[in-house]
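Peer 1: Those letters in the sequence shown? Residues 1 to 171, per the UniProt record's numbering, in order. For every residue, glycine included, the Cβ atom is placed at its ideal position computed from N, Cα and C.
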Amino acid sequence: MQPTITTKRLLLRPFNRNDAATVARLAGDKRVSDMTKNIPYPYSEDMAVDWICSHESEYESGRSVVYAITLKSDDAVIGALGFVEITDNVGTLGYWLGCDYWGQGITPEAVNGMVNYYKEHHNLKGLAATHFVENHRSRAVIGKLGLSYVEDTEIELQGKQRAISVHRMMF
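Structure representation (structure tokens):
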């Protein structure tokens, strides 16, 4: 069973079906979806349910893990964090945060909590992360985490070429 992780201000917990409406509202904000590779716009509650229902089997397989980011004072979802892929004990970060919570240091706190847990309990040996070149907020988060810039490259997304920056860190 996927554990919960506690940080100074946050509780990282598994998602449940009751979170779907909040996920659809927050992740479906165009400002959020425009800066992610995996969240389409518009984003419906049914899409959120399907996404949430995929988490348990992915966690059990060891291929990936996703956490709901919540404030300790309130169990409501404010974002998501996880390893979208775990290969050779290197986790590839994926995250989004509701716009009202941007600029408060929540994402670095959540990532550090998850990384520390996975280093201690799952032999995590490194991190990888990508962000769209124009996503300066993610660039700042990744910089705070200490990942090193590797390169810029392009991916095709929804029929368009998008420039991404690649970062990596081994422990």
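#1: Would you mind sorting residue 76 into buried or exposed? The rule is 16 or more other CB atoms within 10 Å of its CB.
#2: Where do the N-terminal and C-terminal ends of the beta strand (DSSP E) with residue 75 fall, by residue?
#3: Return helix, strand or coil for residue 94, following the three-state DSSP convention.
#4: In this structure, does DSSP put residue 63 in helix, strand or coil?
#5: Work out the CA separation of residue 67 and residue 93 for me, nearest whole Å.
#6: Go ahead and pull the three-state DSSP assignment for residue 133.
#7: Hey, is the segment 157-169 in contact with the segment 55-71, meaning 3+ C-beta pairs nearer than 8 Å?
#8: If you count every other CB in all the chains shown that lies within 10 Å of the CB of residue 96, and 16 or more means buried, which is it?
#9: What did DSSP end up calling residue 138 once you bin it into helix, strand or coil?
Peer 2: With the structure as the only source:
#1: exposed
#2: 74-87
#3: strand
#4: coil
#5: 12 Å
#6: coil
#7: no
#8: buried
#9: helix
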